[in-house]
Structures are given as C-alpha cells and as structure tokens.
Amino acid sequence: MNQLKENLTDELRKNGADLIRFGSATRFCDPNVQRLMPEVKTVIAIAFRQLRGSRRGIEEGSTFYQYTTTAVETLEEVIMPLALLRGCELLEKAGYEALPQRRNLLVMREQNETNPEVDYAEIYRGMEAEHQLDFEQCAVDAGLGERGLSGSILTDEFGPCIRWVFILTDAPFKEDPMIKPHLCDRCGACVRACPGHALSKDGTLNRWQCAVYYIGGNRSKNPFMPPDAFADDPERLSIISGETKLTPERAKEVLNEIHFYPPMKHAYQGSICGRACDTACYIHLEEKGVLTRKFATPFRKRLEWRLTIED
Ligand code: SF4
Ligand code: SF4
96 MNQLKENLTD ELRKNGADLI RFGSATRFCD PNVQRLMPEV KTVIAIAFRQ
146 LRGSRRGIEE GSTFYQYTTT AVETLEEVIM PLALLRGCEL LEKAGYEALP
196 QRRNLLVMRE QNETNPEVDY AEIYRGMEAE HQLDFEQCAV DAGLGERGLS
246 GSILTDEFGP CIRWVFILTD APFKEDPMIK PHLCDRCGAC VRACPGHALS
296 KDGTLNRWQC AVYYIGGNRS KNPFMPPDAF ADDPERLSII SGETKLTPER
346 AKEVLNEIHF YPPMKHAYQG SICGRACDTA CYIHLEEKGV LTRKFATPFR
396 KRLEWRLTIE D
C-alpha cells in the first residue's frame, strides 16, 4: 500500500495538487462519508493553492477579474476535476473503487441560505438527498488544516488560500495525522476586513450579507459602482457603506440591483471583495511568520486603498 500511496501522491502532484492527506474513514464525523460509499476505508483530501498573484489586483485596486477567474473558476472547473479524475483512475487501475467528490456550489441542504460564489437564484435548496460532504469538517478530519474563526480552513503552507476536493476509496491506506489547531489566534482581522460586516466577532457568517458584499455592495471598495447606484433606495447610504443589516429578502432586493461587474464564464459571481476576510488572515499569518511558504516580499506592501463613499 505504501507504493500505491506514493504513486497516487506523485500523480496528484503532477496534476497540480499541493497538499494531499489520507484519513481513515472511521475518523470522519460527517455521516455522508459512509452514506456516499458504504465500503469506504480512506478519505483523501487534495488541496490546491490559490496563487498569491490572483489576489494582487484587488490588493492594488488595479484588476478585479483575476481573483475569480484564476483562484476560483479555473481551479474548480479545470485543475481540480482533472487531478481528481487522474487520481481516481490510478486507484481503479490498482483494483480499488474511487469516488470523486467536488463541491456542488449550486446545491444546499438548508432552505433559506445562499452561496456568495454563485447567483442566489440558481441554487437548489433543501437537497438532503444529494448527500454532499461537509467540505470544511471533512478537511479538518482529513488533517488538511484547522478551522479558523472565519470558518476558513487554515493551512501551514498557504493559510486560508486553498480550494480542495476529496476521493473516497475502499483502499486501506495508512493515515496521516490530524492537525492540532495552532494557527488561528482569534485576532479578528478577518472580521474587521469584511466590507459588509458579514462576519460577526464570534465568527458567525451571515451568508446573505456576504453575498451582497462579495460582489461589491460597498462603494468604498468597489471602483465599478456607478454614482447613481441604489439611487431610489431609502437605505442607499447604509447599503453602500456596508453598515446595513440585511435579511434574506432584503439581500435579494439589493442583489437584484447589482450589475456592476460581469459574471465569469461558468456563472461564478465576479468577486469584488476577493474574499477580503481570507486575504486579511493571510496577511496576519504572514506577518506573524507562521506560514511555511515564504516570499521575497510581504503581500501587503502599502496602505490599503479605500474610496470615499461618494467618490
Ligand atoms: S484572521 Fe485571525 S481570527 Fe481570523 S481566521 Fe485568521 S487567524 Fe483566525
Ligand atoms: S470579506 Fe467578502 S467573502 Fe469574506 S465575509 Fe465579507 S463579503 Fe464574504
């Protein structure tokens, strides 16, 4: 089995994977692991870095498209599926079953929730029968990283800047250790960085609020918002300053008025915040010197830009 683990790791790395962790299925809390594949013995988590350069444009206020195209869409639609299929093929050639698992961004178990990365109107809600894995919990159980205050999975190498997939297999691999949480120090930088105050101090995420500010609801962080945006809305100022508190129904009304930036080819919402919560976390972890992947210069090179609300 050691040779197969080595071969699989090599194959996944050749196809762009950065972090690969093997966990015995018995240590996973998510009941969907067994539901999806009753004979599962190992869950393999495979993570891919989001290039640091994908965040450079939003950091500088110079180009915004690149975060969503290269750090979300291309990973999710090109790189990750290919690596997933190659890894599963290798396991099948060795005589084992391999069930590929990538996030279905359009499916939610909850009835009144949303996913900021896609159009809220496209989401299928209440899909219990879909049995999608809890990606964050399974990442922790696989030993990929720890859950930070923001809910993001933090890794020693890339901080929160990763995306990931899983392979469920009946191959009984030797497992990797789980991670003892050591990165998140509850600094609150993720909470403070959100342009829409979607994260509360205890890390609770209002996903509808996030959906609005992920795509640029805050004028001070969105150079594409025209001066007459929300002109007829009595709450205009509190919306474009990120101070409003949105119910799901109100968030839908606001989202219907945001057309400042085109969506991506696969219908991903074009992110204007560029996951500012994760960027702030990355900057914090880099400043603390705890990330193992080093760069010649720090990510944050100058004061953060901000427009005035009426710029
Ligand atoms: S920014 Fe600070 S509090 Fe937030 S997840 Fe990162 S380390 Fe934890
Ligand atoms: S920074 Fe962006 S992604 Fe993070 S919680 Fe706020 S709106 Fe959502």
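Just so we're aligned, residue 96 is where the sequence shown starts under the working numbering, counting upward by one.
Glycine residues also receive a C-beta, built at the ideal position from the N, C-alpha and C atoms.
If you're wondering where the values come from, they're calculated on a predicted model, not measured in any experiment.
Check	Outcome
Relative to the C-alpha of residue 272, which candidate in 136, 119, 100 has its C-alpha closest?	119
Compare the beta carbon distance of residue 262 and residue 310 with 8 Å and say whether it is the shorter of the two.	no
Would you tell me roughly how many angstroms separate the C-alpha atoms of residue 252 and residue 324, rounded to the nearest one?	40 Å
Take residue 353 as the anchor and find which of 321, 332, 221 has the nearest alpha-carbon.	321
Using a Cβ-based criterion (distance less than 7 Å to any ligand heavy atom), does residue 291 qualify as near ligand 2?	yes
Across which residues does DSSP place residue 320 in a beta bridge pair?	Residue 320 is not bridged to any residue.
So, under 8 Å CB-CB, residue 197 and residue 175 are touching, yes? Tell me the CB distance rounded to an integer number of Å.	6 Å
Contact between the stretch 134-148 and the stretch 224-238: three or more CB pairs below 8 Å?	yes
Report whether the distance from the Cβ of residue 305 to the nearest heavy atom of ligand 1 is below 7 Å.	no
Use the C-beta contact count for residue 94: other C-beta atoms within 10 angstroms, 16 or more gives buried, fewer gives exposed.	Nothing in the structure corresponds to residue 94, since the chain is present only between 96 and 406.
So residue 160 and residue 369 are supposed to be a Cβ contact under 8 Å. How far apart are they, rounded?	Incorrect: roughly 10 Å between the Cβ atoms, too far for contact.
With residue 114 and residue 194 assumed to form a contact (beta carbons below 8 Å), what rounded beta-carbon distance in angstroms separates them?	Actually they are not in contact, since the Cβ atoms of residue 114 and residue 194 sit about 20 Å apart, beyond 8 Å.
For the alpha helix (DSSP H) containing residue 286, list its first residue and its last residue.	284-288
Between residue 250 and residue 267, what straight-line distance do the alpha-carbon atoms span, to the nearest angstrom?	25 Å
Let me know if residue 373 comes out buried or exposed under the rule of 16 or more other beta-carbons within 10 Å of its beta-carbon.	buried
Taking Cβ positions, are residue 302 and residue 211 nearer each other than 8 Å?	yes
In whole angstroms, give me the CA-to-CA distance for residue 334 and residue 382.	32 Å
Whose C-beta lies closer than 8 Å to the C-beta of residue 135 among residues of the same chain, with five residues either side of it excluded?	120, 128, 129, 194, 263, 264, 265
Quick one: measure Cβ to Cβ for residue 254 and residue 386, integer angstroms, because I've assumed they're closer than 8 Å.	6 Å
How is the beta strand (DSSP E) around residue 266 delimited, first residue to last?	Run containing residue 266: none; DSSP gives neither H nor E here.
Leaving out the 5 sequence neighbours to the left and right, which residues in its chain are closer than 6 Å to residue 471 when beta-carbon positions are compared?	Residue 471 cannot be examined here, being either before or after the span of the chain that is shown, 96 to 406.
Find out if the Cβ-Cβ distance for the pair residue 360, residue 96 is shorter than 8 Å.	no
Would you tell me roughly how many angstroms separate the C-alpha atoms of residue 342 and residue 293, rounded to the nearest one?	12 Å
Since residue 302 is in the alpha helix (DSSP H), which residue starts that stretch and which ends it?	302-309
Within a Cβ cutoff of 7 Å, which residues of the same chain sit near residue 110, ignoring the five residues on either side of it in sequence?	177, 178, 181
Considering residue 181, what are the terminal residues of the beta strand (DSSP E) in which it resides?	No beta strand (DSSP E) contains residue 181, which is instead part of the alpha helix (DSSP H) from 175-188.
For the beta strand (DSSP E) that contains residue 195, what are its first and last residues?	193-196
Taking Cβ positions, are residue 317 and residue 185 nearer each other than 8 Å?	no
Assign residue 117 to one of three DSSP states: helix, strand, or coil.	strand
In the DSSP assignment, what residue or residues form a beta bridge with residue 254?	250
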